[in-house]
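Enquirer: Starting off with a structure, shown below.
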Amino acid sequence: MKFYKQKLLSDVQLKKLGEHQYSCQSVSFLDKILQPYWCWLVLKVPIWLAPNLITILGLFVNIFTALILIWYSPDARAEAPRWSCALCALGLFIYQSLDAIDGKQARRTNSSNPLGELFDHGCDSISTVFVALSACIAVQLGHYPGWMFFQCFCAVTLFYCAHWQTYVSGTLRFGRVDVTEAQFTIIGILIISAIFGPSIWSIKVSLAGLDIYMAQVICTVFYLGYFQVFLSFLESLKIGGVGKNGSTIAGTSVLSPIIPFSMVLVPAFIIYKKSTQEIYQNHPALYILAFGLVAAKVTNRLVVAHMTKSEMDYTDWSLLGPSMLFLNQYFNTYINEHYVLWLCMIWVTIDLLRYCSQICHEICDYLHLELFRIPYPGGPIRAHVPSNSSTVEKNGTNNKVTTRLQKSRAKSKHY
């Protein structure tokens, strides 16, 4: 089923996407430690299970458990039940584990293809919003609206910057402290909230003569991590891109991706500050979800631009949602902002879903693939897409791991 009258990807873009090869480098501390667990886990997965199905199942679990937490504390101030925090921690762990093995399953079944990489990053862009929001609810950060706004949008921005750097250099890079470390830190926060209750983060501690809440201490730690990652990102931009004269992989300016993302962040901040009905302060979860999904849509378009080596458009239909809120404020809040925010949320959700569906549909048609099914267990479906990296990949394998997976595949065929 096609949602757009015209194709989103041109024939040239589809051809370049078919030629795309996944390139990733990781020096993450936890990734190396968790590799044996991930290798063990992927060997327990049925050989017929499609990698994309593994990814989407993990995302559904993550979203479902996060929504339960949001249901009990939509303002991020009410104390959510302890069991909902524990369930959210479990959901995030399941998502992290499944997200880490989808690439291994693709290599195990010889079903690696560019669609798998795009699908994985697309799910990650959505998950980032729910993970950041669930962490804020677990520590009742709604009592500090500015901190919560900065925390959530920092997480979304850094995810975008990671793919911006990829668009510039052609290689996705993970630092020593990166996504996996952040995910397990949030799992730890959720577990602490489940054991002692979210109110534990309201305890005051004295640091350098200042009385500060534990929730603010945790946020400060995250901010320091964000700052370090952002500095690394700026260093990569200074080096320049792999394109002509230091341009991006598509031959565009290395600064060009800042424009479409600014069209998400700037309105989000202005609407938050200018609202006479304090729309963000009263409905922080809904507000962050709405703008977070717009950011996810823009991030997905950046990933597509990277994989197709094409220029990224500056405007997007998802921006119509925030425009509703902006125009409503311009006309002195003619309609209750809460209703407009819900309308914005519905619009951006539908727009994101139809965009992702159409992109997957077009790529599946071009590569002769099925999104959630592989032709037959262990059978080749297109072309094996190895990593250009000699280091251990986050979602990939090194040579030793590849050998183990190949032995497992041979054993499965034998039986």
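Just so we're aligned: the sequence shown equals residues 1 to 415 in the UniProt record's numbering.
Ideal Cβ placement from N, Cα and C applies to all residues, glycine included.
1. Assuming the contact rule is C-beta atoms closer than 8 Å, Leu172 and Ser23 should be a hit. Round their C-beta distance to whole Å, please.
2. Relative to the C-alpha of Ile200, which residue among Gln216, Leu207, Gly209 and Ala208 is closest?
3. Does the contact criterion of 3 or more C-beta pairs under 8 Å hold for the stretch 40-60 versus the stretch 97-111?
4. Pairing CB atoms from the stretch 133-148 with CB atoms from the stretch 275-289, are three or more of them under 8 Å?
5. What does DSSP give as the partner residue(s) for Ser26 in the beta ladder?
6. From the DSSP output, in three-state form, read off Ile239 for me.
7. Inspect the CB distances between the stretch 161-170 and the stretch 226-234 and report whether three or more fall short of 8 Å.
8. Since I believe Tyr366 is in contact with Gly18 (beta carbons under 8 Å), could you give me their beta-carbon distance rounded to a whole number of angstroms?
9. Whose CA, out of Ser111, Val156 and Glu117, lies closest to the CA of Ala132?
10. Note down, one range per segment and in chain order, each beta strand (DSSP E) of at least 3 residues found wholly within the stretch 131-193.
11. If we require 4 or more residues per run, which alpha helix (DSSP H) segments fall completely within the stretch 271-297?
12. Quick one, which of Gln13, Pro257, Val254 and Tyr339 has its alpha-carbon nearest Gln277's?
13. State yes or no: is the C-beta of Val294 within less than 8 Å of the C-beta of Leu319?
14. Taking Cys152 and Ile288 to be in contact with their CB atoms under 8 Å, please state how far apart those CB atoms are, rounded to whole angstroms.
15. Just confirm the distance between the C-beta atoms of Gly91 and Cys356, as a whole number of angstroms; I'd bet it's less than 8 Å.
16. Pair every Cβ in the stretch 306-323 with every Cβ in the stretch 241-255, then say whether three or more of these pairs are closer than 8 Å.
17. Would Tyr95 and Asn62 qualify as a contact pair, given that the criterion is a beta-carbon distance under 8 Å?
18. Need the endpoints of the beta strand (DSSP E) that Leu9 sits in, please.
19. Please say whether Ser125 and Thr299 have beta carbons closer to each other than 8 Å?
20. Which one or two residues does DSSP pair with Ile212 in a beta bridge?
21. Out of Gln105, Phe196, Tyr226 and Ala290, which one is the CA nearest neighbour of Ser323?
22. Would you be able to state if there are at least three C-beta pairs under 8 Å between the stretch 183-196 and the stretch 72-92?
23. Note down the Cα distance separating Phe149 from Arg354, rounded to an integer number of angstroms.
24. Quick check on Arg354: does DSSP put it in helix, strand or coil?
25. Between which two residues does the alpha helix (DSSP H) harbouring Gly58 extend?
26. For Arg107, does the count of other Cβ atoms within 10 angstroms reach 16, so buried, or fall short, so exposed?
27. Hey, Leu59 and Cys85: beta-carbon distance below 8 Å or not?
28. Return the Cβ separation of Ala66 and Phe130 in integer angstroms, given the expectation that the two are a contact with Cβ distance under 8 Å.
29. Count the other C-beta atoms from every protein chain shown that fall within 10 angstroms of the C-beta of Arg301, then say buried if there are 16 or more, exposed otherwise.
30. Find the nearest neighbour of Pro198 within the set Thr185, Ile137, Ile271 and Leu43, judged by alpha-carbon distance.
31. Would you call the stretch 220-227 and the stretch 262-271 in contact, with 3 or more CB pairs under 8 Å?
32. According to DSSP, what are the bridge partners of Glu370?
33. Would DSSP call Arg108 helix, strand or coil?
34. Within the same chain, show all residues whose beta-carbon is closer than 6 Å to that of Cys219, passing over the 5 residues directly before and after it, in chain order.
Expert: The structure says:
1. Confirmed, Cβ separation roughly 7 Å.
2. Closest option to Ile200, Cα to Cα, is Gln216.
3. Note that the stretch 40-60 touches the stretch 97-111; at least 3 beta-carbon pairs, one per stretch, sit closer than 8 Å.
4. Yes, the stretch 133-148 touches the stretch 275-289.
5. DSSP lists Phe174 as the beta-bridge partner residues of Ser26.
6. Helix.
7. The stretch 226-234 and the stretch 161-170 touch, with three or more beta-carbon pairs separated by less than 8 Å.
8. Indeed they touch by this definition, with Cβ atoms about 7 Å apart.
9. Of Ser111, Val156 and Glu117, the residue nearest in Cα terms is Val156.
10. Counting only runs of 3 or more, we get 172-174.
11. With a minimum length of 4 residues, the continuous alpha helix (DSSP H) runs that stay inside the stretch 271-297 are 279-282.
12. Minimum Cα distance to Gln277 is reached at Tyr339.
13. Result yes, Cβ atoms of Val294 and Leu319 sit closer than 8 Å.
14. Cβ atoms of Cys152 and Ile288 come within 8 Å of each other, at about 5 Å.
15. With a contact defined as Cβ atoms closer than 8 Å, Gly91 and Cys356 miss out at about 21 Å.
16. Touching, yes.
17. Going by C-beta atoms, Tyr95 is nearer than 8 Å to Asn62.
18. No beta strand (DSSP E) holds Leu9; DSSP gives it neither H nor E.
19. Yes, Cβ-Cβ distance for Thr299 and Ser125 is below 8 Å.
20. Under DSSP, the beta-bridge partners assigned to Ile212 are Val205.
21. Of the candidates Gln105, Phe196, Tyr226 and Ala290, the one whose C-alpha sits nearest the C-alpha of Ser323 is Ala290.
22. Three or more beta-carbon pairs separated by less than 8 Å link the stretch 72-92 to the stretch 183-196, which places the two stretches in contact.
23. Pairing Phe149 with Arg354, the inter-Cα distance amounts to about 28 Å.
24. Reduced to three states, the DSSP call for Arg354 is helix.
25. Gly58 -> alpha helix (DSSP H) spans Pro51 to Tyr72.
26. Arg107 comes out buried.
27. No. Outside cutoff.
28. Right, the Cβ-Cβ distance comes to about 4 Å (below 8 Å), so this counts as a contact.
29. Around the beta carbon of Arg301, a 10 Å sphere encloses 16 or more other beta carbons of the protein chains shown; the residue is thus reported as buried.
30. Among Thr185, Ile137, Ile271 and Leu43, the Cα nearest to that of Pro198 is on Ile137.
31. Taking 8 Å as the limit for Cβ pairs, the verdict is that the stretch 262-271 does not touch the stretch 220-227.
32. BP columns for Glu370 point to Arg373.
33. It is helical.
34. Contacts found: Trp147 and Gln151.
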